Structure formats: C-alpha cells, structure tokens
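What follows is one structure encoded as structure tokens, with my remarks underneath.
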Amino acid sequence: MQVAVLISGRGSNLEALIKHQDNYQICHVISNNPKAKGLEVAQINGITNTFIDWSDKQRAELELQKLLHEIKADLVVLAGFMRILSNETIDAAGQIINIHPSLLPKYPGLHTHEKVLFNKDQWHGATVHVVNDQLDSGLILAQIRLAVELSLDADALAQQLISKEHKLLTTVVGLIAKKHLYWQDGDLFMYDKKTNKPLLIDDV
Ligand code: GRF
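Heads up: the sequence shown is residues 0 to 203, going by numbering that gives the first Met the number 0.
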C-alpha cells in the first residue's frame, strides 16, 4: 500500500511510519511549511517531498489536489498537518486519516495537554480518525490511552504521549494496509465485522 503523509512540523509520527513500513511504503511527503523538520526526515530517507505554499489557501488546495491525483496514494495520512482541508481536497485524497493528541470527541483543536491537566483528567490519549472538512471530527478509527500523572507539566505530558501516538499510528496504518481495518459509508469494520467501537490499541 502506498501512503502519502502531510506534515507541518517536526515529523516524529512520519519518522515512526517510515521506520515501521510493514505492508506499506511512504511514497511522498507534503508540507505546508518549508522549514518543517519532517521535510529533512523525508530527504534523509530518500522520500520524494513537496512544499506547498499555503499563503493562498485556494491555490494551495488546487495544487495539493493535482499532486494527490498524480501520486495516486492508497492512503493519505495527516501527521501534524495544521490546516483544515476542503471537501474537494478530501475527495482527491481518497482514503484520508488524521492523528490527534486527545481522546476525541474530547478536546478537538489545540492545547489538548493543557486542557487535560487543567481538568485533572485521569486519562489522556490519542485518536486516529477519518478526515472530513470539520476540525478533528471524522469517524474515529482507533485510540490509545495514557494514565495522566497530574504532577507533569504540559510539555512532559506531550512527550509521554508522543511515543504512544507513534504506536497508534503505525499500528493503524499497518492494519489498513492488511485490510484488517476499513471504513465504508461512515461505518467501521474490523476483520470484516462492523463495529460501533473504535479500536483500543492497548488491547491489541
Ligand atoms: C502530534 O502530536 C499529532 O498528534 C498532532 O501534531 C503533532 C505532530 O507531531 N496532530 P510530529 O510532527 O509528528 O512530531
């Protein structure tokens, strides 16, 4: 399975996907930020990469749509890509998923670690969901949990979560590649059985 990854920054999830590449290959990396460290990660690993200037959103989306049609990836992964995509771009991508650092539907958007600590939540975690044109709100595919140590600050909590994110994302992409996990018309299927519950990776 050929996977295109969209990034805006550090690219640690991208790096985890590249290391894992089991039943899938990262065929292209796209960034809206020319200084994204993830672009270096792509270069070091010999992966074709493209910067798309997002200062004009409409033009950028057309460029991205054209590129996605050329690449013809089987799956597009948003891994720290900090832009909301239009329905036209989502359609051009085909299968498209995002990783978000919270247990959605709790805490869409930014500053999830701060919110978890502020609310003294017992659990934090990360979610992989299907992308739609709303923020962090498509069909939830899988989650991973982390017991919160309330003595941590937001940065330390984010650091604890990131390794869990890597496990979640690489596992989910591997399962999609093996066709063990898929979705159709808003329904989630695991091993060919329809399920109402997202996969909890801790249980795998
Ligand atoms: C991750 O926390 C991801 O969940 C969020 O943005 C961050 C990206 O980190 N969407 P990295 O660029 O993969 O290191």
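Glycine is no exception: its CB is placed at the ideal position from the N, C-alpha and C atoms. Keep in mind that this is a model prediction, so the values were computed, not measured.
Check	Outcome
To the nearest angstrom, report how far apart TRP182 and PHE188 are at their CA atoms.	6 Å
Return yes when the Cβ of ILE29 is within less than 8 Å of the Cβ of LEU46, no when it is not.	One detail in the question is off: residue 46 reads as Ile in this sequence, not Leu. Contact flag unset, no.
Can you tell me whether LEU102 sits near ligand 1, meaning its C-beta is under 7 Å from at least one heavy atom of the ligand?	no
Do GLN121 and ALA91 count as a contact pair if the criterion is CB distance below 8 Å?	no
How many angstroms separate the CA atom of GLU148 from the CA atom of SER7?	29 Å
Output yes or no for whether 8 Å exceeds the beta carbon distance between THR111 and PRO100.	yes
Is any non-hydrogen atom of ligand 1 found closer than 7 Å to the C-beta of ALA153, if you look at the structure I gave you?	no
So, for LYS177: in the same chain, excluding its five sequence neighbours on each side, which residues have a beta-carbon less than 8 Å away from its beta-carbon?	ASN22
Mind checking which residues open and close the beta strand (DSSP E) that includes GLY124?	122-129
Quick one: is ALA141 buried, meaning 16 or more other Cβ sit within 10 Å of its Cβ, or exposed?	buried
Might you give, ordered along the chain, the residues of its own chain that have their beta carbon closer than 6 Å to the beta carbon of THR170, omitting 5 neighbours on each side?	ILE200
Checking 8 Å against the spacing of the C-beta atoms, do LEU168 and ALA41 come in under that value?	no
According to DSSP, is THR204 part of a helix, a strand, or is it coil?	Coverage of the chain is limited to positions 0 through 203, which leaves residue 204 absent and any answer about it impossible.
So who's on the other strand from ILE51, going by DSSP bridges?	DSSP lists no partner for ILE51.
Closest by CA to LYS65, which one among THR88, ASN31, LEU84?	THR88
From which residue to which residue does the beta strand (DSSP E) around ARG144 run?	139-146
Once you ignore the five residues that flank ASN44 on each side, which residues in its own chain have a CB closer than 6 Å to its CB?	ILE17
What is the rounded straight-line gap between the Cα of GLY185 and the Cα of ASP152?	37 Å
Helix, strand or coil: how does DSSP classify ALA3 here?	strand
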